[in-house]
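Respectively, the protein sequence lines represent chains A and B.
Each residue of the first sequence is one higher than the one before, counting from 253 in the working numbering.
Each residue of the second sequence is one higher than the one before, counting from 253 in the working numbering.
For reference, the structure is listed below as structure tokens.
2 protein chains.
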Amino acid sequence: MNDKVTIYDIAKKLDITAATVSRALNDNPKISKATRLLVMKTAKAMNYKQNKLALALKSGKSNNVGVIVPYINRSFFSSIIRGIEDELYPRGYHVIICQTHETEQKEIDTINTLLNAQVDGILMSVSKFTTNNTHFNRVLNSNIPLIFFDRRFDMENVNSVTINDYQGGFDATKHLLDQGCKRVAHISGDTTLEIYRNRCHGYKGALKAAGISFNPDYLIKSKNDIEGGHQAVDELLTLETPPDAIFSSSDYVALGAIQRLKEKGYKIPEDFCVVGFSNEPFTQFMELSMSTVDQCTVEMGRTAALVFLEQIKDNTMKIEKKVQLTPQLIIRESSCKKLEKKIKKK
Amino acid sequence: MNDKVTIYDIAKKLDITAATVSRALNDNPKISKATRLLVMKTAKAMNYKQNKLALALKSGKSNNVGVIVPYINRSFFSSIIRGIEDELYPRGYHVIICQTHETEQKEIDTINTLLNAQVDGILMSVSKFTTNNTHFNRVLNSNIPLIFFDRRFDMENVNSVTINDYQGGFDATKHLLDQGCKRVAHISGDTTLEIYRNRCHGYKGALKAAGISFNPDYLIKSKNDIEGGHQAVDELLTLETPPDAIFSSSDYVALGAIQRLKEKGYKIPEDFCVVGFSNEPFTQFMELSMSTVDQCTVEMGRTAALVFLEQIKDNTMKIEKKVQLTPQLIIRESSCKKLEKKIKKK
DNA sequence: TTGTAGGCGTTATCAG
DNA sequence: CTGATAACGCCTACAA
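Right, here's the structure in full:
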């Protein structure tokens, strides 16, 4: 019943023109205080709501930003989104969230739809199977900011917020060595993804820094799930000298590894120390809480949002900004041979 | 550079009028095949993209729907959202996701912003602390569909999709009794929320059906987190005759309960059977996998979306539709005294 | 200080 | 079948 009152309606009622109403509502200086107040009052009385669509059409800005992630119901991504929203919402932006299910085709579709919807910017984490960058260029050609977080596509003129995966891999491995482990193995994820490669480099870097030579037998590539952890452990246990510690690039794989090790009768952390990666919520709820690397997800989201805001302000577009956050090693029971009880649980 | 090509641009190029272009692009019957194909071709060549904003302004529909949840990074809610998106996305709708952090004020703000943005409908789960319904009425007055999922506010003319919490509580309790447990306790969440009250009623119903009288000592109200589970167990263990089973309205509380019971040296499921509620991801990853009640979240999202679509089609608005889904008891190790190994893990 | 007029990109109506 | 025109709701030169 209350259908859509416009500035014309309130203009008619006050016997003035719509332009005046518009000015009054927008705090335009060229207007008398009296009429402004009058307009304000009747606007409220008539329950006027500005039509953002018309505004967007006029101004060319929609006040919407698109956020694209592989999966929305992964705590990693949903926390990042939360960080983005925390920063953007108070500034009047809306966040349109889309998921690609890790397919390039959905990524392309999604970008098209967001561009159609005239979003003011796109913040995204690239799908695992994306090989081509023409859809990213389409965004750049539309003259709106494109920002990668976590997973980037290597190209110019795109700002990004990532974490230092090398550092994460290095810290985790060094921690295992510090615990007295002599033969640290690494279970890596899909090495087509830069992030997994970097974690692996970090692993190797820590070995080198400790004067330990890299043993290829101790590097396993696995599927990125619990099952993958089972298989990796099976493989490692067939070795003549099995390892005494595992750094996994994924919490799920680490969980699978722990399950299988326990099945085989090994004690953790006495026989095997294990560290995962991502700080998935379940890692702290496990009976034997799992050490892992936290990726400061909310902060990553916040930072990505701030980079967007900066970019939209300075339209120079030239400032290429690659922010890299530092991950945080979280030491829990699964790798805790030496530390005091009280530090353990964190 | 490629800035915004409109139907006028392509009309000019073809020396026809914009209206004709529009018709060609929209499969309007009154147009020759020749010009249609020509328009289509040059449109593609010029990389024309329809401006949805203009369309929205013209048609009065934005093709956006708002989804409001307390927290976006909870697996329960993000799975529901996924269900909503699965259904709405292929039909050309975009989903604008907002979170209230369980505050009424944010809920009000969010609804206002969504209405300003001219969304075509709002699907939401009501905040825990919402006491007032004037903002819901504002949605109804705007003549767009409002649909509650999971948590509803009791009012007329609003469709809702919930699960049968009574049934969930009933099934969980009955299962514990079937396992041979004699003294089943219930840890309930915040009883200001209808959903927790209903689970509690289900618990009582199952007792009654089994001819067991309700013992108020076995009903504990707790905070909705792990700590709450610790406290509840402490309280139960002070009783003269402690229970031998626990049905908790929350997985987190159940987890806390299990932790504390193990600390005290009790064996699960031999001494205590435990069932949680929600099927949080961690429940199946625990060393001792936890029985719980699955709330078919994705389906709930899908159903909410379908109710929206129906409502927007039949503008009669009169059909009040309260869909109730049936939750699914998932039996795992924490309550599995009797069943075969093979059924256990599910 | 206020009114007039034009335009943002589409589509719908009415002529032709 | 196609062209001209108005309209969606808002903002902003420009003119008064």
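Idealized CB from N, CA, C, for every residue including glycine.
Model, not experiment: these values are computed from the prediction.
CA-CA distance, residue 389 of chain B to residue 296 of chain A, rounds to 17 Å.
In terms of Cβ geometry, residue 550 of chain A and residue 513 of chain A do not form a close pair [threshold 8 Å].
Under the 10 Å beta carbon count, residue 535 of chain A is surrounded by 16 or more other beta carbons and is classified as buried.
Per DSSP, the beta bridge partners of residue 411 of chain A are A:399.
Neighbours of residue 304 of chain A in chain B, taken as residues at a C-beta separation under 7 Å, are given in chain order as 368, 369, 370. At a cut-off of 8 Å between beta-carbon atoms, residue 347 of chain B makes contact with chain A. Non-local beta-carbon contacts of residue 455 of chain A in its own chain, meaning distances under 7 Å to residues more than five positions away in sequence, involve 421, 425, 438, 499 in chain order. Comparing C-alpha distances from residue 556 of chain A to each of A:574, A:470, A:436 shows the shortest one belongs to A:574. Residue 341 of chain A and residue 521 of chain A have their C-alpha atoms spaced approximately 44 Å apart. By the criterion of a C-beta distance shorter than 7 Å, residue 405 of chain A is surrounded in its chain by 378, 382, 385, 388, once the five residues flanking it on both sides are discounted. Annotated three-state conformation of residue 534 of chain A is helix, per DSSP. Across the region 305-316 of chain A, CB contacts with chain B closer than 7 Å involve 305, 306, 308, 309, 314, in sequence order along the chain. Looking at the DSSP output, residue 351 of chain A shares a beta bridge with A:321.
DSSP places residue 576 of chain B in no alpha helix (DSSP H) but in the uninterrupted beta strand (DSSP E) bounded by 574-577. Selection A:523, A:333, A:280, A:291 evaluated against residue 265 of chain A yields A:291 as nearest (Cα-Cα).
Within a 10 Å sphere around the beta-carbon of residue 539 of chain B sit fewer than 16 other beta-carbons, which makes this residue exposed. DSSP places residue 292 of chain B in the helix class (H, G or I) of the three-state scheme.
In terms of Cα proximity to residue 461 of chain B, the closest of B:322, B:283, B:423 is B:423.
Neighbours of residue 322 of chain A across chain B, judged by C-beta separation under 8 Å, do not exist; the nearest C-beta is about 12 Å away.
By the Cβ-count criterion, residue 279 of chain A is exposed, with fewer than 16 other Cβ atoms from all chains shown falling within 10 Å of its own Cβ. Here residue 544 of chain A is buried. Its C-beta has 16 or more other C-beta atoms within 10 Å. Given a length threshold of 4 residues, each whole run of the alpha helix (DSSP H) inside the region 262-292 of chain B is given here in chain order: 270-277.
When C-beta distances to chain B are compared with 7 Å, the residues of the region 522-539 of chain A below that value are 533, 534, 537, 538, 539, in chain order.
Under DSSP, the beta-bridge partners assigned to residue 499 of chain A are A:438, A:527. Taken through DSSP and simplified to helix, strand or coil, residue 391 of chain B comes out as helix.
Distance from the CA of residue 344 of chain A to the CA of residue 302 of chain B, rounded to the nearest whole angstrom, comes to 25 Å. By the Cβ rule, the region 361-379 of chain B does not count as touching the region 353-368 of chain A, because fewer than three pairs are nearer than 8 Å.
Here residue 374 of chain A is bridged, per DSSP, to A:318, A:398. Assigned with DSSP and collapsed to three states, residue 543 of chain B falls in strand. With 16 or more other Cβ atoms from the protein chains shown falling within 10 Å of its own Cβ, residue 506 of chain A counts as buried. For residue 519 of chain A, no CB of chain B lies under 8 Å from its own CB, so it is not counted at the interface with that chain. In the DSSP assignment, residue 520 of chain A falls outside any beta strand (DSSP E), carrying neither H nor E.
DSSP places residue 491 of chain A outside any alpha helix (DSSP H), giving it a letter other than H or E.
Apart from the 5 residues on each side of it in sequence, residue 483 of chain B sits with its Cβ closer than 7 Å to the Cβ of 474 in its chain, given in chain order. For residue 580 of chain B, the enclosing beta strand (DSSP E) covers residues 580-582. Counting along the chain, residue 460 of chain B sits inside the alpha helix (DSSP H) bounded by residues 446-461.
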